[in-house]
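The next block holds one structure in the form of structure tokens; read it before the comments.
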Amino acid sequence: MPPILESLLKIAVLIGGLMTAAAYLVLLERWIAAWVQDRLGPNRVGVPLTKIRLFGLGQPVADGGKFLTKGEFTPGHVDKILYFLAPMAIFVAAIAAFAVVPLGSVVLPASWGVGEPVRLAVAPGLDVGMLYIFAVGSVAVYGVVLGGWASNNKYSFFGAIRSSAQLISYELPLGLGILGVVLASGSLRLDNIIIEQARSGTWNALVQPLGFVVFCVAAFAEAGRLPFDLPEAEQELVGGYHTEYLGVKLMMYMVSEFLHMVLAAFLIVILFLGGWHFWGLTGSAEAVSWPVALLRAIVLLAKVMGAIFFFMLARWSWPRFRYDQLMEVAWKVMIPWGLINVVAVAAWMEYGVQLARPWNLSAAQGMAVVGWGVLLLCWLATTIIDPTASGNRPRRDLSANDNCLE
Amino acid sequence: MKTDDRNINWVREPRLGLAGRSYLLLFVQGLTTTLRHFFSRKKTVQSPEERHEIPDPPIYRGVHRLNRDQRGRVKCVACFLCATACPADCIDIVAAESPWTDREKYPQSFTIDELRCIFCGMCEEACPVDAIELTSLYDLSGKSREEMIFDKEKLLSVYDQTKNTEPMITKRD
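Below you can see the structure in the form of structure tokens.
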């Protein structure tokens, strides 16, 4: 098969899969929202024109049809070019990031005449995979900011401003969280990171829990999910940066949001939870025959679904942060934690083997001890120092004011 | 409003305890609450297949009905007390001289705009002869505004429809 055809086939499968996944994740999100609130959720729409209900599995089709057939109204006060460009930018960026997400590689049967193992990613073996995801991921900020600016609406603009500050702030802990993993596995390639974890049998979350916590929090914020959904806090900003959007363009924003969440889930699983690896089930060789490859894909997707489920539950579990709290969590807690994690991992990579020898620990065990110890210490120190406690304090020049209540 | 306005009361946040500051307790509490509800029994009533349970006797303020007396005539004596009591001004009565000997007036027309009605039940309270009552029918709908203005015939037909399931609360005859 010529490479271009192979790539096109992969792209078609990827985009088809992602769009279907996004549609059904909307349904899942609505179901989980309903179940958490003691409701049943959408359970009526089934096969069109019949009475077959299928537990509401036809709902995404109905939702999509509604969005597509809505009148394409453009508000008169918007910046036309940017207004059209913004959803495209965020949509393209959201999809493009998936090009380097690896699902494993498979050796096809000899009778098919394909000698080399097929790697199940659109851009397999991209050496700067992690950097690519970061680069494309930051384009999403443009979609949000341009959308908010072009809408010419103060609420949209507030949402966009908040979003840009939030996304930029949380990119630092995100990067610091990844840095530990990259140091430990010695590669920026996502498939290498998985193979490294499979080979040693220890998932990065087990040996670098601090990095895991930092990365998870930052990933939530980057995906714009509650408790960090300030860009579109509906109680304050109507709909945030997409207040003025409707129809297909709104759908592009919505789908991009879900794709961000899926990407965040993929990254959490690949970087910290072993990717397709599961002990005693999937082996650790790079390329495998198709039954094992299928099993690996199932394991990976099951983990990703678990992560997404947690994302959706989190939405109803914790209240949204106030904006100053959001910033304080990023700059005063998450970034120091990330730095400490990087230093701990780097120090361990350099001196760990000598340090572990007298204690009779393997490298992984020693790293786990260090990792959990550092997490515990950091958490304890943060609890005692309480760097985020400055919120809602009267201004110092007003504290003499007699109507200041203690 | 300026920040040094004398009318602003600046409130200092109470300092959290260690457990609160570690955020761990809150984290676990939030998650357990959602998970508990996630697996709990759902409270949805799947209308229209399932119906809400109306208590017996039917204490419910749904669509109005105009009651009939034992001879099948409208009980209303066109005293206008309900129209006067109505806070939404949705009852319109045209009185005429009664063809019967037991009362002076009767309603020639009696219309209720169900779209204006707020279903407060004041008409029912005001009626001296228990002619107007609210039933437990709650899913009334129509395709036009005109269709939702119920006239005397319609209100009497609601009585015919509900008289077996919901007998009149007081019988003064």
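Line by line, the protein sequences give chains W and Z. First residue of the first sequence? That's 97 in our numbering, and the numbers climb one at a time after it. First residue of the second sequence? That's -9 in our numbering, and the numbers climb one at a time after it. Here a beta-carbon is modelled for each residue, glycine too, at the ideal position from N, C-alpha and C.
Taking 9 angstroms as the CB threshold, His42 (chain Z) stays off the interface with chain W. Per the DSSP secondary-structure output, Ile122 (chain Z) pairs in a beta bridge with Z:Leu56. Scanning W:Ile264, W:Tyr251, W:Ser247 for the CA closest to the CA of Ala236 (chain W) turns up W:Ile264. Contact annotation for Arg135 (chain W) against chain Z: Lys32, Lys33, Thr34 [CB-CB distance below 9 angstroms, chain order]. Under the three-state reduction of DSSP, Ile44 (chain Z) is assigned to coil, being neither helix nor strand. Residues are counted here when their Cβ sits less than 7 angstroms from a Cβ of chain W; for the stretch 62 to 95 of chain Z the count is zero. From the listed residues Z:Ser99, Z:Asp46, Z:Cys107, Z:Leu124, the smallest Cα separation to Glu143 (chain Z) is found for Z:Ser99.
Approximately 12 angstroms separates the beta-carbon atoms of Ser131 (chain Z) and Gly52 (chain Z); this is outside 8 angstroms, ruling out the contact. For Val132 (chain W), the C-beta contacts it makes with chain Z under 8 angstroms involve Thr24, His27, Phe28, in order along the chain.
Below the 7 angstroms Cβ cutoff, chain W contributes Trp475, Thr479 as neighbours of Ser12 (chain Z), in chain order. In the structure shown, Gln98 (chain Z) adopts extended strand secondary structure according to DSSP, grouped into three states. Fully contained in the stretch 115 to 159 of chain W is no alpha helix (DSSP H) run of length 4 or more. For Leu222 (chain W), no CB of chain Z lies under 9 angstroms from its own CB, so it is not counted at the interface with that chain. The Cβ atoms of Leu359 (chain W) and Leu199 (chain W) lie no closer than 9 angstroms to each other. Take the alpha-carbon of Leu367 (chain W) and the one of Leu286 (chain W): they are about 7 angstroms apart.
The beta-carbon of Asp159 (chain W) is placed no less than 9 angstroms from the nearest beta-carbon of chain Z. The CB of Leu409 (chain W) comes closer than 8 angstroms to the CB of Leu21, Thr24, Leu25, Phe28 in chain Z, given here in chain order.
Residue state for Val384 (chain W) is assigned as strand, using DSSP reduced to three classes. For the pair Gly343 (chain W) and Phe151 (chain W), the CB atoms are not nearer than the 9 angstroms cut-off. For Phe140 (chain Z), not one C-beta of chain W is nearer than 9 angstroms to its own C-beta. In this structure Leu377 (chain W) is exposed. Its beta-carbon is surrounded by fewer than 16 other beta-carbon atoms within 10 angstroms. Looking at W:Thr170, W:Ile404, W:Val224, W:Leu306, the one whose alpha-carbon comes closest to that of Pro269 (chain W) is W:Leu306. Tyr228 (chain W) and Gln262 (chain W) have their C-alpha atoms roughly 21 angstroms apart. A contact is defined here as three or more CB-CB pairs under 8 angstroms, and the stretch 466 to 474 of chain W fails this definition with respect to the stretch 346 to 355 of chain W.
Counting along the chain, Asp82 (chain Z) sits inside the beta strand (DSSP E) bounded by residues 81 to 87. Against Asp482 (chain W), the close residues of chain Z are Arg11, in the order they occur along the chain (beta-carbon pairs closer than 7 angstroms).
Here Phe29 (chain Z) is exposed. Its C-beta has fewer than 16 other C-beta atoms within 10 Å.
If only complete runs of 3 or more residues are kept, the stretch 185 to 217 of chain W shows the beta strand (DSSP E) at 201 to 203, in order along the chain. By the C-beta criterion, the stretch 165 to 182 of chain W is judged not to be in contact with the stretch 124 to 137 of chain W, since fewer than 3 inter-stretch pairs fall below 8 angstroms. Using a 10 angstroms sphere on the CB of Tyr149 (chain Z), the tally of other CB atoms reaches 16 or more, which defines it as buried. With its beta carbon less than 9 angstroms from one in chain Z, Trp414 (chain W) belongs to the interface.
With fewer than 16 other CB atoms across the displayed protein chains lying within 10 angstroms of its CB, Lys147 (chain W) is exposed. Beta-carbon to beta-carbon, Val310 (chain W) and Leu272 (chain W) are separated by about 6 angstroms, close enough to satisfy the 8 angstroms threshold. Note that the C-beta distance between Ala314 (chain W) and Glu267 (chain W) is below 9 angstroms. DSSP places Val470 (chain W) in the helix class (H, G or I) of the three-state scheme.
Its chain contains Ala361, Phe362, Val365 as the residues whose beta carbon lies nearer than 6 angstroms to that of Val400 (chain W), once the 5 sequence neighbours on both sides are disregarded; these appear in chain order.
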